[in-house]
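I have placed the structure first, in the form of structure tokens, so that the comments after it can refer back to it.
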């Protein structure tokens with residue numbers, strides 16, 4: 040292996056050399072945003088009076104020292120193709136500009152130095168040999184026929200269009216100078232000595248990538264003096280690393296903690312792979328004083344986070360119990376909100392009773408939704424903004440109201456809805472932790488002698504009417520009732536209980552289960568079995584009567600908030616599919632992909648959603664009829680758009696549509712992308 044610092048100009052201007060992207064490499068997938076960043080870096084370094092260099096990473100290739108029949112050396116690129124392809128597109132844009140300016144000297148220099156091997160005897164003179172479709176696009180760009188269109192969507196074409204529009208007569212000299220000052224680490228591998236496959240695997244192995252926490256730690260510490268590094272590392276970062284650890288599995292949760300912390304501060308949820316980028320945006324400077332102040336607050340919050348992921352570390356037994364329930368239900372999406380509530384409790388802004396009530400309310404909200412089968416992906420948006428709804432002088436009621444005003448897929452189900460769902464729900468075949476949570480809380484509600492069921496091998500879930508019933512059951516029940524119980528009630532709450540004698544009760548008929556000496560329901564001390572001792576048989580009537588008892592207890596535990604809403608209180612946030620039509624209404628704001636969009640205009644929301652979807656997956660617009668429905672085009676004049684608006688540097692869409700039409704198109708887009716739950720809107724109060 041050989042590694043050298045090399046100028047981009049020197050690398051790309053090498054004679055008789057081709058840079059081959061092998062078929063096993065991923066596709067060229069840089070977005071315009073990434074191209075813009077590289078272009079801005081080039082422009083910045085090129086506009087300086089000094090001859091500063093700028094590093095752009097590394098390019099790794101296999102050098103076989105074998106020449107083809109045309110005496111052209113081929114370098115197989117195994118890392119760096121995104122940068123290399125984008126740099127080539129910049130040179131193509133410069134070449135086309137030279138043609139427009141009729142600058143023959145610049146045209147020849149760029150074309151024959153950086154784009155082709157002039158004396159290559161083969162038909163494929165282009166230096167960069169990209170994979171199939173990208174290679175076709177690059178070949179197309181080097182043709183000089185302005186009236187020809189590339190037959191399909193290509194990021195190579197799109198990114199070139201952006202770069203071509205960005206380079207002009209006023210700045211191209213800066214671009215040339217900037218390119219001349221670009222440096223990278225050139226790593227040359229010998230196939231016989233370096234085992235390129237192993238190096239390729241290590242470069243592309245997600246297991247060896249730096250975590251978001253690693254990147255943040257390096258960002259924090261790298262720019263400091265040694266003594267400052269020691270202080271920040273020992274007094275803050277090691278504490279964060281120690282507290283943000285799941286102790287049972289000894290798993291680091293630093294990246295998750297910082298993600299939740301940034302969500303609390305920014306009211307938007309960072310992508311798990313972009314926590315480092317979001318951290319840099321939030322803390323753009325790494326000066327010692329700013330860092331210490333920022334990390335001091337993080338250190339304060341990570342102590343709360345430690346108890347959220349390790350409830351056993353909470354010393355108050357009542358709070359600990361509620362945290363354990365939340366841990367069992369895996370309500371991690373509530374952590375950004377609960378971090379703030381925990382902090383307010385520790386600062387004595389709220390008392391213990393209020394804190395516990397909020398922990399119970401969070402369970403009520405998520406558990407009722409689970410029983411009703413509502414989507415879980417709506418929860419992150421709800422908890423992301425919940426701390427904004429808190430009124431310091433009306434703490435708990437303000438949170439209760441915030442839950443009660445939710446509509447559509449974000450709603451808190453009422454008593455009638457949740458009991459109708461609970462009655463028929465299969466609660467046996469849900470996650471074991473959830474099944475035990477339900478039965479344990481029903482058993483222990485208001486009981487002074489609480490029974491621990493989780494990880495208790497002595498107590499198990501028992502089917503009163505068995506899964507494999509003894510033949511005697513068919514004698515005890517009429518055929519129609521037997522069939523109805525087996526098909527409709529078997530795994531529902533009314534047919535389940537807890538027992539320490541499951542093996543002895545087995546598949547016996549009800550009378551034998553009830554009267555078995557010392558082991559039967561009649562001798563059980565569990566609350567769930569008390570009513571069973573009063574029944575003479577077990578059929579539909581008994582199942583219904585037992586459900587009435589259990590459902591009443593359910594409503595006591597997961598109580599619907601007893602708080603009044605103002606008569607004129609707004610409907611709040613609602614999924615766009617559940618929203619009233621927008622005619623004669625103004626938006627307050629919207630939430631898309633967990634990020635708040637501050638606008639009161641449907642037209643701006645329309646543009647922003649389409650922009651994000653196009654950036655996410657542009658191909659879908661062209662492989663479906665979406666491009667026609669929204670008037671997507673590069674040439675607004677040719678398409679005769681009445682009111683064209685840009686969604687990026689290359690594309691326009693038609694916006695001469697009323698608000699209802701915009702909503703309908705947004706719904707169509709979200710449906711095609713399978714993102715129906717990702718757009719939430721809130722209307723302004725009328726009057």
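Residue numbers (my numbering): 40 to 726. Every residue gets a Cβ at the ideal spot worked out from N, C-alpha and C, and that includes glycine. Predicted model only: the values in this text are computed from it and were never measured.
Which word fits residue i, buried or exposed, when buried means at least 16 other C-beta atoms lie within 10 angstroms of its C-beta?
i: residue 519; result: exposed
i: residue 29; result: Lying outside 40 to 726, the shown extent of the chain, residue 29 is not represented and no answer is given.
i: residue 94; result: exposed
i: residue 508; result: buried
i: residue 106; result: Low confidence applies to residue 106: its pLDDT is 43, below 50, so where it sits in the model is not reliable, and the reading given next is rough at best. It counts as exposed.
i: residue 422; result: buried
i: residue 661; result: exposed
i: residue 677; result: exposed
i: residue 623; result: exposed
i: residue 329; result: exposed
i: residue 290; result: exposed
i: residue 402; result: buried
i: residue 452; result: buried
My understanding is that residue i touches residue j, with C-beta atoms under 8 Å, so please give their C-beta distance in whole angstroms.
i: residue 716; j: residue 448; result: 6 Å
i: residue 504; j: residue 529; result: 6 Å
i: residue 464; j: residue 548; result: Incorrect: roughly 26 Å between the Cβ atoms, too far for contact.
i: residue 690; j: residue 671; result: 6 Å
i: residue 337; j: residue 279; result: 6 Å
i: residue 222; j: residue 92; result: 5 Å
i: residue 532; j: residue 604; result: 30 Å between Cβ atoms; not a contact.
i: residue 56; j: residue 114; result: 7 Å
i: residue 343; j: residue 382; result: 6 Å
Using CA atoms only, rank isn't needed, just tell me which of the options is closest to residue i.
i: residue 688; options: 197, 181, 506; result: 197
i: residue 719; options: 638, 174, 667; result: 638
i: residue 255; options: 349, 375, 374, 334; result: 334
i: residue 152; options: 691, 627, 51, 539; result: 51
i: residue 427; options: 497, 537, 536, 376; result: 376
i: residue 229; options: 534, 100, 436, 557; result: 100
i: residue 699; options: 110, 438, 552, 642; result: 642
i: residue 193; options: 380, 205, 613, 178; result: 178
i: residue 664; options: 319, 710, 675, 379; result: 710
i: residue 362; options: 397, 390, 640, 389; result: 397
i: residue 511; options: 550, 92, 542, 537; result: 550
i: residue 284; options: 349, 553, 206, 444; result: 349
i: residue 659; options: 613, 342, 628, 712; result: 712
i: residue 130; options: 48, 118, 358; result: 48
i: residue 553; options: 253, 457, 501, 210; result: 501
i: residue 545; options: 557, 491, 582, 506; result: 506
i: residue 208; options: 168, 132, 173; result: 132
i: residue 60; options: 445, 205, 170; result: 170
In whole angstroms, what separates the C-alpha of residue i from that of residue j?
i: residue 434; j: residue 440; result: 10 Å
i: residue 154; j: residue 176; result: 14 Å
i: residue 143; j: residue 137; result: 7 Å
i: residue 149; j: residue 134; result: 6 Å
i: residue 299; j: residue 308; result: 8 Å
i: residue 364; j: residue 514; result: 42 Å
i: residue 633; j: residue 420; result: 6 Å
i: residue 572; j: residue 561; result: 5 Å
i: residue 373; j: residue 366; result: 11 Å
i: residue 110; j: residue 54; result: 11 Å
i: residue 395; j: residue 430; result: 17 Å
i: residue 695; j: residue 182; result: 36 Å
i: residue 522; j: residue 497; result: 31 Å
i: residue 368; j: residue 286; result: 18 Å
i: residue 295; j: residue 378; result: 13 Å
i: residue 87; j: residue 702; result: 48 Å
i: residue 627; j: residue 723; result: 5 Å
i: residue 236; j: residue 128; result: Since pLDDT at residue 236 reaches only 49, below the 50 mark, its modelled position is unreliable, and the value read off the structure follows with that caveat. Near 28 Å, if we compare the C-alpha coordinates of residue 128 and residue 236.
i: residue 121; j: residue 281; result: 37 Å
i: residue 613; j: residue 625; result: 14 Å
i: residue 705; j: residue 322; result: 35 Å
i: residue 657; j: residue 467; result: 43 Å
i: residue 444; j: residue 540; result: 46 Å
Please indicate yes or no: does the CB of residue i lie closer than 7 Å to some heavy atom of the ligand GDP?
i: residue 117; result: As presented, the structure is devoid of all ligands, the ligand GDP included, so that no description of it is given.
_Under 8 Å, with one C-beta from each stretch per pair, do the region 81-88 and the region 209-216 reach the 3-pair mark?_
yes
*Does the count of Cβ pairs from the region 566-578 and the region 475-484 closer than 8 Å reach three?*
yes
*Taking one C-beta from the region 591-599 and one from the region 616-635 each time, how about it: are there three or more such pairs within less than 8 Å?*
no
*Looking at C-beta atoms only, is the number of pairs between the region 393-408 and the region 581-597 that lie closer than 8 Å three or more?*
yes
*the region 69-76 in contact with the region 197-206 per 3-pair CB rule at 8 Å*: yes
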